[in-house]
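Step one of this worksheet: look at the structure below.
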Amino acid sequence: MRVTFEVNGREVSADNVWAGESLLYVLRERLGLPGSKNACEQGECGSCTVYLDGVTVCSCMVAAGQAQGRAVRTVEGMAEQGASGEARLSVIQEAFVEAGAVQCGFCTPGLLVQTEDLIARTVGRGRGVPEDAAIREHLSGNLCRCTGYEKIVEAVRTAAERTEEGAR
Amino acid sequence: MTTTTGTTASGLSGAIKDGVGTSPRRPDGTLKVTGEFAYSSDMWTEDMLWGMTLRSPHPHALIKGVDITEALRLPGVYAVLTHEDVPGEKRYGLEYLDQPVLAEGKVRYQGEPVAIVAADHPETARRALERIRVDYEVLAPVSDPIRAAFDPDCPLVHEAGSLPAHRQYNQNGNQVRYQPIRTGAFAEGASVEELRARADVTVSGSYEVGMQDQAFLGPESGLAVPAEDGGIDLYIATQWLHVDQRQIAPCLGLPADRVRLTLAGVGGAFGAREDLSMQIHACLLALRTGRPVKIVYNREESFFGHVHRHPARMEYEHGALADGTLVYATMRIVLDGGAYASTTPAVVGVASSLGIGPYEVPNVLVDAYGVYTTNPPCGAMRGFGAVQACFGYESQMDRLAERLGMHPVDLRLKNAVAQGSRIITGQVIDSPLPMAEMLIRARDAPMPPERAALPDPGDPRILPGGMANTSHGEGVVRGVGYGVGLKNLCFSEGFDDHSTARVRLEVIGGEPTVLVHTAAAEVGQGLVTIKGQIARTELGVEQVTIHPADTRVGSAGSSSASRQSYMTGGAVKNACEAVRERVFGLVRERGLVAPDHASALLSLSGGKVLSATEGVLVSLVELLGDSAVEETREYRHRLTQMIDPVTGQGDSHTQFGMCVHRAVVDVDVELGLVKVVEMTAVQDVGRALHPQQLAGQIQGATTQGIGLALMEEIQVKDSVIRNPSFTDYLIPTIADTPPMRLDILECPDPQAPYGLRGVGEPGTLSSTPAVVAAVRAATGRALSRTPVRPEDIVGIERA
Chain A
1 MRVTFEVNGR EVSADNVWAG ESLLYVLRER LGLPGSKNAC EQGECGSCTV YLDGVTVCSC
61 MVAAGQAQGR AVRTVEGMAE QGASGEARLS VIQEAFVEAG AVQCGFCTPG LLVQTEDLIA
121 RTVGRGRGVP EDAAIREHLS GNLCRCTGYE KIVEAVRTAA ERTEEGAR
Chain B
1 MTTTTGTTAS GLSGAIKDGV GTSPRRPDGT LKVTGEFAYS SDMWTEDMLW GMTLRSPHPH
61 ALIKGVDITE ALRLPGVYAV LTHEDVPGEK RYGLEYLDQP VLAEGKVRYQ GEPVAIVAAD
121 HPETARRALE RIRVDYEVLA PVSDPIRAAF DPDCPLVHEA GSLPAHRQYN QNGNQVRYQP
181 IRTGAFAEGA SVEELRARAD VTVSGSYEVG MQDQAFLGPE SGLAVPAEDG GIDLYIATQW
241 LHVDQRQIAP CLGLPADRVR LTLAGVGGAF GAREDLSMQI HACLLALRTG RPVKIVYNRE
301 ESFFGHVHRH PARMEYEHGA LADGTLVYAT MRIVLDGGAY ASTTPAVVGV ASSLGIGPYE
361 VPNVLVDAYG VYTTNPPCGA MRGFGAVQAC FGYESQMDRL AERLGMHPVD LRLKNAVAQG
421 SRIITGQVID SPLPMAEMLI RARDAPMPPE RAALPDPGDP RILPGGMANT SHGEGVVRGV
481 GYGVGLKNLC FSEGFDDHST ARVRLEVIGG EPTVLVHTAA AEVGQGLVTI KGQIARTELG
541 VEQVTIHPAD TRVGSAGSSS ASRQSYMTGG AVKNACEAVR ERVFGLVRER GLVAPDHASA
601 LLSLSGGKVL SATEGVLVSL VELLGDSAVE ETREYRHRLT QMIDPVTGQG DSHTQFGMCV
661 HRAVVDVDVE LGLVKVVEMT AVQDVGRALH PQQLAGQIQG ATTQGIGLAL MEEIQVKDSV
721 IRNPSFTDYL IPTIADTPPM RLDILECPDP QAPYGLRGVG EPGTLSSTPA VVAAVRAATG
781 RALSRTPVRP EDIVGIERA
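Protein chains in written order, with UniProt numbering: chain A, 1 to 168; chain B, 1 to 799.
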């Protein structure tokens with residue numbers, strides 16, 4: 001079958017999609033967007049987290065056909081392109097690199113998307129910078145095996161603070 | 001929170017930006033946050049095929065026949081291969097050549113590869129696997145490691161005479177290695193009874209450590225591309241490119257130089273990538289089909305696709321005087337190696353030599369065994385044999401302290417080793433080891449506030465059970481526990497451990513630039529950052545490029561044993577020094593040094609050559625012009641020895657690392673649930689090359705230790721894995737992981753580059769016993785097995 005949907009603001013189509021293919025598979029293998037990662041394929045690790053119509057989902061658990069006509073946003077859509085084509089990192093991406101929240105980096109794309117969602121729900125709705133307990137609660141579906149999460153909490157806090165400062 | 005204490009004396013100028021001792025950003029950080037970093041599972045070519053592996057459902061069975069006819073008939077299938085299609089050596093292995101590329105005649109563990117398929121879509125490949133008919137004659141599993149080790153009537157997992165002999169390991173029957181250690185009166189033949197008579201108190205215990213999985217997030221994967229010269233190019237996630245090459249080439253029947261490996265992005269390792277997984281399979285399929293072949297394991301297959309941490313059964317006895325002075329200790333440890341040896345002999349070497357821990361004990365008797373069973377193969381995981389022993393000896397120290405009515409830290413202080421002490425192999429600890437200070441710092445660190453003092457003591461997010469909302473604080477008891485671990489760093493027991501670096505200095509775009517090329521595997525730890533820092537510090541040049549790791553440069557050894565900053569760091573430093581000397585030679589040759597200043601010290605800084613007396617002599621841009629200066633150097637640490645197969649004596653280790661943990665936990669004693677409130681880690685690191693990444697190593701190690709203490713276990717029954725998924729094998733989430741307090745000491749090791757000490761592993765040792773001790777303190781239960789299960793806490797007997 002043919003599946004057509006929007007990815008990072010651009011309409012895309014994939015042909016010959018087998019009915020059993022996940023959104024993750026189509027993104028990675030058919031659309032050249034391997035940023036979302038496959039680490040468990042059963043919705044436990046969050047490495048494949050993307051937005052589907054503004055809601056974060058594990059793209060391994062979404063059949064590709066379910067994305068038909070909908071809007072998907074992935075880690076590849078987070079950075080802006082600078083004048084000379086270089087990546088201008090978002091506040092969240094910047095904070096993750098700066099804090100040392102990235103080691104092997106396999107969990108990072110999913111964590112970035114889920115962090116963006118948290119900041120939108122807190123700072124973005126005038127609720128202020130989330131407390132550590134709220135950060136841990138919101139990211140508890142994203143496994144990381146390298147960092148022990150300390151620097152991830154730090155990065156999320158920094159990104160939330162900077163987003164709030166930027167909004168003032 | 002991280003505090004750092006100690007000297008920073010290394011004689012290096014701190015002038016260079018982003019040099020050694022600072023925390024620059026990872027060079028791969030931007031690619032990793034934009035999704036552009038190419039992991040091994042992201043490899044892709046236009047015409048590639050997908051490889052997939054048929055695995056045995058039985059842990060132990062004879063193979064009477066394999067019929068691939070129906071699989072080959074499926075449209076879209078390009079190749080189906082069995083052991084008959086392996087052109088070269090049929091077996092490989094890190095230490096013993098005992099593991100078949102594809103099973104021949106027999107399978108020895110559940111999940112052993114039997115056949116491989118290449119097809120145009122992963123689903124086609126999967127359906128082809130279903131069409132392969134394998135005729136098995138199922139055998140009884142050899143699942144009890146104690147029986148496998150000691151019962152002469154137990155069937156042999158490997159038929160007699162089928163394995164090459166390794167006499168230094170006392171190989172015997174199912175025993176892969178037996179290593180005894182005897183010191184003091186035990187070396188003179190004294191019995192345990194005689195030593196008991198010398199002690200005021202004795203404590204003994206049986207302890208067990210479950211099978212832990214490394215659970216890296218990036219699954220085993222890679223892309224094999226057939227080359228025009230009949231060779232193969234393999235893009236692969238591994239810990240050691242050259243040891244992969246050494247094992248792959250003979251099985252393909254190719255010379256090593258036609259098996260070229262390039263490191264693809266690695267999604268974590270923790271020991272699980274030291275052994276081969278899909279490497280040979282992908283190469284075989286690519287060579288057969290003439291097309292690039294990609295293999296990616298899914299999570300379930302990953303549980304069968306790599307070795308795990310050895311489960312351990314341990315028996316300990318300690319005798320002490322009334323004041324806590326240790327008189328003797330005995331230990332027997334049986335490490336279940338599973339079906340194939342992997343690194344089991346080396347794990348036994350570590351578990352035995354560090355089996356009593358960092359304590360002064362005059363009389364020691366250790367018997368350490370690694371055994372073959374039909375359980376999942378076990379090998380390297382962060383901590384490598386020292387983790388299991390540490391749970392045993394630290395549990396014993398707590399039991400002894402309780403018997404003596406001493407504070408657990410006081411008993412440890414009473415018997416602590418220090419620089420100048422001998423470990424039980426007779427080896428002298430010849431560099432700083434401030435164990436006593438570390439213990440005191442961990443004990444005296446500020447305590448987290450009592451729960452009652454918090455704004456909302458009933459917030460489920462801070463309680464055991466968490467967001468499952470199982471308690472509002474009733475039945476919750478706090479406990480505090482301590483753990484100390486001693487870990488060998490770098491490879492031990494006479495291994496020719498070395499690393500190679502090629503460093504090139506040239507002018508690119510009007511700027512002096514350094515290119516650093518090594519084969520060292522960046523697995524997430526941040527070695528790529530460290531290599532750049534060393535080059536900047538040694539050559540005074542800001543612009544550094546890290547060449548992709550591949551086999552076109554000499555071996556870097558493994559990214560394991562906490563060794564890469566030491567070994568590849570040392571090699572990069574050596575190569576930079578050689579480049580620097582050649583630059584100084586050029587300066588002298590060109591007469592840029594005034595004759596009356598000939599003996600003045602030269603240095604490189606800010607892209608210029610400086611004389612101590614004349615100042616700037618020349619810029620590198622001017623000096624080098626279009627020419628480049630390139631040097632390749634190897635680095636070796638000091639020689640080590642095999643420990644004696646009878647007495648267990650010998651200087652087998654290169655360097656020692658230590659971490660002390662204090663754990664604070666809240667336990668719901670009615671439901672058996674644990675919330676780790678805080679972890680304090682005190683670690684001596686010699687010298688912190690990159691303080692931020694270093695903290696990340698200790699925090700990550702601490703968390704894997706928490707996992708082993710409270711939740712992580714591959715459950716194996718009758719040699720069958722019952723929980724091969726992230727739904728059923730639990731690793732700590734961010735909600736399971738507490739805030740951590742780090743206290744970093746820097747007491748330089750004069751033997752090591754910059755005085756550094758490997759940091760990756762020590763925290764993995766001490767974290768587990770500290771957490772379990774804290775749970776014991778909260779519950780009063782003996783808890784002799786890790787991971788601790790809810791039923792252990794509430795005292796329900798298991799059926």
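Even for Gly, the Cβ is constructed at its ideal location relative to N, Cα and C.
Asked, Found
"Kindly identify the DSSP beta-bridge partner or partners of A:W18.", "Partner(s): none; A:W18 has no beta bridge."
"When you compare only the Cα positions, how much space is there between B:A782 and B:R776?", "6 Å"
"Could you please give me the residues that DSSP links to A:S13 through a beta bridge?", "A:T4"
"Do B:G222 and B:A282 have their C-beta atoms within less than 7 Å of each other?", "yes"
"Use the C-beta contact count for B:G11: other C-beta atoms within 10 angstroms, 16 or more gives buried, fewer gives exposed.", "A caution first: B:G11 carries a pLDDT of 35, below 50, which makes its placement in the model too unreliable to give a value."
"Determine the burial state of B:M447: buried for a count of at least 16 other Cβ atoms within 10 Å of its Cβ, exposed for fewer.", "exposed"
"Taking C-beta pairs closer than 8 Å, name the residues in chain A that B:M740 reaches, listed in chain order.", "G148 and E150"
"Any beta-carbon of chain A closer than 7 Å to the one on B:K531?", "no"
"Pair every Cβ in the region 742-756 of chain B with every Cβ in the region 152-167 of chain A, then say whether three or more of these pairs are closer than 8 Å.", "no"
"Closer than 7 Å by beta-carbon distance: list the chain A residues that pair up with residue 884 of chain B, in chain order.", "The question about residue 884 of chain B has no answer, for chain B in this structure spans 1 to 799."
"Can you pull the chain A residues whose beta carbon is under 8 Å from the beta carbon of B:I462, in chain order?", "A133"
"Using a Cβ-Cβ cutoff of less than 6 Å, which residues in the same chain neighbour A:V12 once the five nearest sequence positions on both sides are dropped?", "L31"
"Is it right to say B:K294 is buried, meaning 16 or more other beta carbons lie within 10 angstroms of its own, or is it exposed?", "buried"
"Taking beta-carbon pairs under 9 Å, can you tell me which members of the region 94-105 of chain A lie near chain B?", "E94, F96, V97, E98, A99, G100, A101, V102, Q103, C104 and G105"
"Does any C-beta atom of chain B lie closer than 7 Å to the C-beta of A:I109?", "Note on identity: in this sequence residue 109 of chain A is Pro, with Ile being the wrong assignment. It does; some Cβ of chain B falls within 7 Å."
"Check the Cβ of B:T733 against every Cβ in chain A and list those closer than 7 Å, keeping chain order.", "S140 and L143"
"Taking the alpha carbon of B:V296 as the point to measure from, which residue in B:W44, B:D28 and B:D430 has its own alpha carbon closest?", "B:W44"
"In this structure, what does DSSP give as the bridge partners for A:V72?", "A:V7 and A:L52"
"Are the CB atoms of A:D117 and A:T56 within a distance shorter than 7 Å?", "yes"
"For the ligand NAD, I want to know if A:E41 counts as a neighbour, meaning its beta carbon is within less than 6 Å of at least one of the ligand's heavy atoms.", "Ligands displayed in this structure: none; no statement on the ligand NAD is therefore possible."
"What alpha helix (DSSP H) runs, 4 residues minimum, are completely inside the region 52-114 of chain B?", "69-73"
"Closer than 7 Å by C-beta to B:E614: which residues in its own chain qualify, once you throw out the five before and the five after it? Chain order, please.", "A594, H597 and A600"
"Could you work out which residues of chain A lie near B:P219, taking near to mean beta carbons separated by less than 8 Å?", "N38 and A39"
"How is B:Y359 classed by DSSP in three states: helix, strand or coil?", "strand"
"State the start and end residues of the unbroken alpha helix (DSSP H) segment that holds B:A329.", "Here B:A329 belongs to no alpha helix (DSSP H); instead the beta strand (DSSP E) covers L326 to G338."
"Looking only at C-alpha atoms, which of A:V113, A:A14, A:S140 and A:W18 sits nearest to A:F96?", "A:V113"
"Can the beta-carbon of A:A64 be found less than 7 Å from the beta-carbon of A:D53?", "no"
"Taking 7 Å as the limit between beta carbons, can you name the residues of its chain near B:E577, skipping five residues before and five after?", "E538"
"Please list, in chain order, the chain B residues whose beta carbon lies closer than 9 Å to that of A:G20.", "E123"
"Please state whether DSSP places B:M467 in a helix, a strand or coil.", "helix"
"From A:I135 to A:I152, what distance separates their C-alpha atoms?", "9 Å"
"Counting only beta-carbon separations shorter than 7 Å, does B:D668 have a partner in chain A?", "no"
"Return the Cβ separation of A:G148 and B:T737 in integer angstroms, given the expectation that the two are a contact with Cβ distance under 8 Å.", "6 Å"
"Assuming B:I706 is part of the beta strand (DSSP E), what are its boundary residues?", "From DSSP, B:I706 is part of no beta strand (DSSP E) but of the alpha helix (DSSP H) over P691 to L710."
"Between which two residues does the beta strand (DSSP E) carrying B:T262 extend?", "V259 to L263"
"Locate the beta strand (DSSP E) running through B:H661, then write down its first and last residues.", "Q655 to D668"
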